[in-house]
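See structure below.
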Amino acid sequence: MARAAAKSHVLTDSSDRAANLRVAAVFAEIADLLEVEGENPFRIRAYRNAAHELGALGRDLAAMLAAGDDLTELPGVGDDLAGKIGEIVDTGSCAMLDDLHRVWPATIHDVMGVPGVGPKRARTLFEQLGVRTLAGLQAAAQQQKIRELTGFGATSERNILDALAGLLGTGRRLPLAEARVHGERLLTRLRAAPGVIEAVIAGSYRRALATVGDLDFLVTARSHNGAIAALVGAPDVAHVLAEGPTRATVVLRSGLQVDLRVVGRDSFGAALHYFTGSKAHNIAVRRLGVARGLKINEYGVFRDERRVAGRTEASVFAAVGLQFIPPELRENRGEIAAAAAGELPQPIEARQLRGDLVLVAAGDEPGAVVAAAAAAARARGLEYLLIVHAVPGRSRAAIDWDARTRAAADACAEHELAPLQGLELDIAQKTCPEVHVDFVAARLSHAPRAASHPALLRIVAGAREADAARDPTPLVQAAVGGALAVIGDPAHLPELEPQLRAARVAGVPVVLGSGGEPGGGQASRLDLAVSQARRAWLEAEAVLNSRPLAEVREHLAPRRQARRRS
DNA sequence: GCCGTTTTCGGCCCGACTGTTTTCAGTCG
């Protein structure tokens, strides 16, 4: 079929992990359809686990197969799934999925995705009303056919219509910086609610994932009702999806879903751990608990009926023999083994930074840009600024670089900050203006061919699409001997973590910077950069601007010094 | 369908809330 042809085309691209993603997609769809069939839940989970593991796998399945590797070594993959992986990589599909498609339409997945409609109801809708698509679902609801079905009613029907109209959780993921605005506002409201002792945001927000799907609030309180009422009654709540004595779920007008859980003080640590996730991390920790005869849930750690830990997160980790794991590391990507061995990294903290990095575009007035950035830097106790002057690609007008660097230096001095100044060229540019600067930087918008390394390298937006969609390693390699500059730009946050991870693996130091956005926001941009560095397991030692100015100056100094460290 | 410091069989996380029920199934996180 046409479908198969399209798939094989995808798989001929062996330079990336297309095969992994294809296999993960097939397994995920099989899991969905088995769920509709009402299969054994553990069998379904096996497919779902495998889909999750393979989607995040660092190695190329097609290459592993070609090399004759044993796929059952992979987590969640046994003899059966190993065989199916081979089948999918070879043919693009899998007989089992084809069989399922003879019974269930592929689009039933969309119906299942409607909030309030799961696999069982999707099956009922399909079998009783012939609903195969979202359009069909909407038509059935509008004709009031759904309320006639057993297990449904007028309320369910209305909820389905609301969901289809996009009124209920949109599923859109919000950039971290944007979620922070909503989060902080609600946090203030919850903390002021009667009876509330403590309120925090857990979930992927706390793990500093670049985008978050919802906000998870956790509250300890003397009385439950205060916090629940405060959330449900918040001014920008569009819909209340659930409201009980210990939890509530609402959708804000922005489409952001917000969950609130209220727990007792003795359960706070266990609940915080539980609701911070990630899911994969939690399952792995619980598995450790089971091996020690412990049951771990959001209320605590229990041996038989007796609570043995749970007041703090640290007590939960300690109960299963782990060091405290910072939230940004909780992705089940090796942090549990590291914590068990006492070998966790100590991720960089914002307070360890001594300097910020400011970008001055060719059209900017350097004095004004640097003055704004310097004031913000001074306010957070920084000591110096790395000032990067962009050199335009081709410009006929002579630019007075001495005047520009002098203006920047003066602006720094006014705020009692030390400046370190450099020129930034596109990596393809051959000539550099004749002016004394402390370092030379390169902006990299495509894979580098140039042999001469700049001291500081910055991957600009767009490079990711062009050359590093899946692996920024080749870009980062260009910074060996120098450093990689990473700006906490909210719009490009998802690109940062892979870049930072690649830098760590390559042993390339990084500079974390705000970029110096005029009009404020430096502080949060710097914090965003730090949060992604933490997710990438970077320690202070790997962050150049956590070191004293003299060391940064020496590290970035052009040519000779840079070459000394091979 | 996977997995094993107790296991090659018998486990696999589980509690809260809703809507439809008359004791609970389905969904969600």
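Sequential numbering of the first sequence, starting at 560, is according to the working numbering. C-beta: ideal position from N, C-alpha, C; glycine also. A quick note: this is a predicted structure, and the numbers were derived from the prediction, not measured.
Close Cβ partners of residue i (< 8 Å) along its chain, the five nearest in sequence each way excluded
i: Leu745; result: Leu774, Phe776, Leu790, Ala793 and Val817
i: Gly712; result: Arg706
i: Pro886; result: Arg765, Arg766, Ala767 and Thr835
i: Ala807; result: Ile787, Leu790, Val791, Val799, Ala801, Asp818 and Leu819
Own chain, CB closer than 6 Å to residue i, minus 5 neighbours either side, in chain order
i: Tyr606; result: Phe586, Ile589 and Ala590
i: Glu1024; result: The predicted position of Glu1024 is uncertain, since its pLDDT is 49 and thus under 50; a value taken from the coordinates is nonetheless stated next. Cβ neighbours of Glu1024 beyond the five flanking positions: none.
i: Leu782; result: First, the residue type needs correcting, since residue 782 is Ser and not Leu in the sequence shown. Once the five neighbours on either side are set aside, the close Cβ partners of Ser782 are Gly754.
i: Ala898; result: Leu881, Gln882 and Ile884
i: Pro925; result: Val919, Arg963, Ala966 and Ala967
i: His668; result: Asp591
i: Ala1010; result: Its pLDDT being 46, under 50, Ala1010 is placed unreliably by the model, and nothing is read from it.
i: Gln687; result: Leu708
i: Lys643; result: Cys653
i: Gly635; result: Asn608, Ala609 and Glu612
i: Val759; result: Leu777
i: Pro1049; result: Pro734 and Ala736
i: Ala930; result: Ala970
i: Leu1108; result: Tyr943 and Ala977
Cutoff 7 Å; reference residue i; Cβ partners in own chain excluding five residues on either side
i: Val796; result: Val809 and Leu811
i: Gly677; result: Met671
i: Arg1112; result: Leu979 and Asp997
i: Leu1097; result: Pro906, Ile907, Leu1059, Arg1063 and Val1069
i: Ala1028; result: Unreliable positioning characterises Ala1028 in this predicted model, as indicated by a pLDDT of 48, which lies under 50. The coordinate reading is nonetheless provided below. None.
i: Ser1105; result: Ile907, Gln911, Leu912, Arg913 and Ala1099
i: Asp638; result: Thr631
i: Ala761; result: Asp775, Leu777, Leu831, Phe834 and Thr835
i: Asp961; result: Val994
Short Cβ contact (9 Å threshold) for residue i with residue j
i: Arg1017; j: Leu1043; result: yes
i: Ser813; j: Leu733; result: yes
i: Ala1014; j: Gly1066; result: no
i: Arg913; j: Leu941; result: yes
i: Arg736; j: Ser1083; result: Looking at the sequence provided, one finds Ala at residue 736 rather than Arg. Yes; because the gap between Cβ atoms is below 9 Å, this pair is in contact.
i: Leu944; j: Asp923; result: no
i: Leu723; j: Leu708; result: no
i: Val778; j: Val799; result: no
i: Ala968; j: Val950; result: no
i: Arg820; j: Glu864; result: no
i: Asn891; j: Ala839; result: yes
i: Gly1047; j: Val928; result: no
i: Gly689; j: Ser715; result: no
i: Gly695; j: Arg581; result: no
i: Leu547; j: Ala956; result: It is not possible to answer for residue 547, since the shown part of the chain is limited to 560 through 1125.
i: Leu693; j: Val673; result: yes
i: Leu831; j: Ala738; result: no
i: Val648; j: Ala699; result: no
i: Glu1056; j: Ala1095; result: yes
i: Arg939; j: Leu1085; result: yes
i: Ala933; j: Ala970; result: yes
i: Arg862; j: Asp825; result: no
i: Pro992; j: Ile958; result: yes
i: Thr1032; j: Ala1000; result: no
i: Val1089; j: Ala909; result: yes
i: Leu1115; j: Gly1041; result: yes
i: Leu720; j: Gln702; result: no
i: Ile895; j: Val875; result: no
i: Glu757; j: Phe827; result: yes
Expected contact under 8 Å - CB spacing of residue i and residue j to nearest Å
i: Ala767; j: Gln1058; result: Not really, about 15 Å apart at Cβ, beyond 8 Å.
i: Val860; j: Val867; result: 5 Å
i: Glu983; j: His948; result: 7 Å
i: Ala769; j: Leu1052; result: 4 Å
i: Leu853; j: Val822; result: Not confirmed; about 19 Å, so no contact.
Check: residue i C-beta below 8 Å from any heavy atom of the ligand GTP
i: His995; result: Here there are no bound small molecules, and the ligand GTP is not part of this structure.
Quick check for students: name the residue ranges of the beta strand (DSSP E) that lie wholly in the region 876 to 956, counting only runs of 3 or more. 914 to 919 and 943 to 949
Do three or more CB pairs link the region 653 to 668 to the region 603 to 618 at distances below 8 Å? no
Which runs of the alpha helix (DSSP H) at least 4 residues long sit entirely within the region 783 to 816? Give them in chain order. 784 to 791
Entirely enclosed alpha helix (DSSP H) segments - the region 687 to 732, minimum 4 residues: 693 to 701 and 713 to 723
Quick test of the definition: if touching needs 3 or more C-beta pairs under 8 Å, does the region 619 to 628 touch the region 597 to 605? no
Along the chain, which unbroken stretches of the alpha helix (DSSP H) at least 4 residues long are found entirely within the region 580 to 622? 600 to 614
Could you tell me which uninterrupted alpha helix (DSSP H) segments, each at least 4 residues in length, are contained entirely in the region 749 to 783, listed from first to last along the chain? 762 to 765
Which whole runs of the alpha helix (DSSP H) in the region 806 to 872 are 4 residues long or more, in chain order? 827 to 835 and 838 to 850
Which parts of the region 1068 to 1107 are runs of the beta strand (DSSP E), unbroken and 3 residues or longer, counting only runs that do not cross its ends? 1069 to 1072
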